[in-house]
Amino acid sequence: MSILINETTRVLVQGITGRDGSFHTKTMLADGTKVVAGVTPGKGGQEMEGVPVYNSVADALDVHQIDASVIFVPAKFAVGAIREAADAGVPLVICITEGVPVNEMLGVYHYVKAKGVRLIGPNCPGLISPGQCKIGIMPARIHVPGSIGVISRSGTLTYEVVHALSGAGMGQSTCVGIGGDPVVGSGFIDLLDEFNRDPDTAGVVMIGEIGGEDEEAAAAWITKHMNKPVVGFISGRTAPPGKRMGHAGAIISGGKGTPEAKVAALEQAGVPVARTPSEIPGLLKERLG
0 MSILINETTR VLVQGITGRD GSFHTKTMLA DGTKVVAGVT PGKGGQEMEG
50 VPVYNSVADA LDVHQIDASV IFVPAKFAVG AIREAADAGV PLVICITEGV
100 PVNEMLGVYH YVKAKGVRLI GPNCPGLISP GQCKIGIMPA RIHVPGSIGV
150 ISRSGTLTYE VVHALSGAGM GQSTCVGIGG DPVVGSGFID LLDEFNRDPD
200 TAGVVMIGEI GGEDEEAAAA WITKHMNKPV VGFISGRTAP PGKRMGHAGA
250 IISGGKGTPE AKVAALEQAG VPVARTPSEI PGLLKERLG
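Residue numbers for the sequence shown follow numbering that gives the first Met the number 0, so the first one is 0 and each next one is one higher.
Next comes the structure, spelled out in structure tokens:
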């Protein structure tokens, strides 16, 4: 009942001794995630919450089998950390760090794609398969195991939508925050395809926002390929053109990225678009029958 991660996923934390890395390692362990190792250059041989710390990803892989790495390092080191994990052969890399320069992300985006590495983020809350594994900063207590997939550009909205789903008795297979930057490792289409092939996902919620054209591209992909119900939500409908709204990628510029265009594209693809997160469970139930 999940994509990308499950109860057997073994996790490495890059930046495990830092403020954010140590805090979220503790919460991931408390939520049942198998955190088997951490990395902080120069601090190899130490332990953090009982987790062994290594000087490099390669050193950790010499001792442990690693299925995924989560990155909590400062922005100026994030791209280097992504490349290090990819070079070491970690198949799934989740970058929580915000403020990663777009020009650096352009290069590493193609680098990890060429290596066949799945990158989630940067500037994202991570992902969770409730009751199985959490990698990142999502609050596990509001999630419930079930059959609804969630893909979101907004971390906070993810929590609001998940709370509405759980309150309506609609558990989640996997929830993925893809990040709100202009360049992210995995987009809507990548994750829609994963959920489309997951036999235990019955329907998907797609949370988009103003800026870019990813939602319109996803709508075109849904029309051609998606065989499961999708319900959408677009945040920032009242944002004035030219004003960035929180996320680096959330800006209407040159007449592109408008909420009207995104809603129209999704509705044309047969995806009902909720006006508020609380409408989503009802729209999903109508589509699921």
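Think of the CB as a built atom: it goes at the ideal place given N, C-alpha and C, for glycine as much as any other residue. Keep in mind the model is a prediction, meaning the values are calculated, not measured.
Through-space distance from residue j to residue i, alpha-carbon basis
i           : j           : result
residue 199 : residue 84  : 30 Å
residue 269 : residue 222 : 8 Å
residue 301 : residue 187 : One cannot answer for residue 301 here, as it falls past the ends of the chain, which runs 0 to 288.
residue 126 : residue 135 : 6 Å
residue 271 : residue 113 : 35 Å
residue 21  : residue 264 : 42 Å
residue 218 : residue 286 : 16 Å
residue 26  : residue 226 : 36 Å
residue 70  : residue 180 : 16 Å
residue 5   : residue 144 : 12 Å
residue 158 : residue 150 : 11 Å
residue 59  : residue 201 : 37 Å
residue 141 : residue 45  : 33 Å
residue 41  : residue 229 : 47 Å
residue 273 : residue 192 : 22 Å
residue 209 : residue 257 : 6 Å
residue 282 : residue 261 : 18 Å
residue 267 : residue 224 : 14 Å
Exposed unless 16 or more other CB atoms sit within 10 angstroms - verdict on residue i
i           : result
residue 190 : buried
residue 152 : buried
residue 73  : exposed
residue 176 : buried
residue 13  : buried
residue 215 : buried
residue 102 : exposed
residue 11  : buried
residue 64  : exposed
residue 171 : buried
residue 105 : exposed
residue 203 : buried
residue 75  : exposed
Terminal residues of the alpha helix (DSSP H) in which residue i lies
i           : result
residue 259 : 258-267
residue 284 : 279-287
residue 161 : 154-166
residue 150 : Residue 150 -> not in any alpha helix (DSSP H); beta strand (DSSP E) instead, spanning 144-151.
residue 133 : Element bounds for residue 133: not the alpha helix (DSSP H) but the beta strand (DSSP E), 132-135.
residue 191 : 187-196
residue 217 : 213-224
Segment limits, beta strand (DSSP E) that includes residue i
i           : result
residue 208 : 202-208
residue 173 : 171-176
residue 9   : 9-13
residue 233 : 229-234
residue 127 : 125-128
Contact belief for residue i with residue j at Cβ below 8 Å, rounded distance in angstroms
i           : j           : result
residue 111 : residue 81  : 7 Å
residue 47  : residue 8   : Not a contact, Cβ separation roughly 19 Å.
residue 67  : residue 93  : 7 Å
residue 32  : residue 50  : Contact doesn't hold; Cβ gap of about 11 Å is too wide.
residue 55  : residue 38  : 6 Å
residue 137 : residue 121 : Wrong, their Cβ atoms sit about 16 Å apart, outside the cutoff.
residue 160 : residue 206 : 6 Å
- [ ] Return the chain-ordered ranges of every beta strand (DSSP E) run that is complete within the stretch 66-118 and spans a minimum of 3 residues.
- [x] 67-70, 91-94
Open item on the list: Runs of 4 residues minimum, wholly inside the stretch 20-69: which ones carry the alpha helix (DSSP H) assignment?
Closed with: 56-62
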